[in-house]
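So the sequence shown is numbered by the UniProt record's numbering: it starts at 1 and just counts up by one.
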Amino acid sequence: MGLTKSDLFTREQNDLANMAKAIAHPARIAILQYLVKKNACVTGDLVEELGLAQATTSQHLKELKNAGIIQGTVEGASVCYCIDPKVWKHYKNVFHTFFGEVNIENGTCC
């Protein structure tokens, strides 16, 4: 089997890119901000909060859940979502490390 383009990069680079891709939509950022602000399990009020269609909101929630950033538990006919603290901390550390690796404050460009 041949190499994929992702095989050209380190595991850390691929992980960071996958994390960035998972949150790289303004609706997903809004969902995460809302969940963090509520700091509780949230159900259907996300659709009203975002102003998006139920199907669109569900798709964004699915992407965030697939990335592990949020957890969902079934409560009757609805699903309750919240931030996964362990994954959130991991994302925070990875991005902090990435942005902290380079000091460009005193650098020059072009």
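Glycine included, C-beta positions come from ideal geometry on N, C-alpha and C.
Just so you know, these numbers come straight off a predicted model, no measurement behind them.
query                                                                                                                : result
Simplified DSSP assignment, three categories, for T43                                                                : coil
Own chain partners of G72 with C-beta closer than 6 angstroms, once the 5 adjacent residues on each side are dropped : K65, V79, Y81
Identified DSSP bridge partners for I29                                                                              : Beta-bridge pairing links I29 to no other residue.
Own chain residues within Cβ distance below 8 angstroms of L35, not counting five before or after                    : V42, I70, Y81, C82, I83
Alpha carbon of E63 to alpha carbon of A22, nearest angstrom                                                         : 6 angstroms
8 angstroms CB neighbourhood of L32 in its chain, flanking five on each side removed                                 : I23, L64, I69, I70, I83
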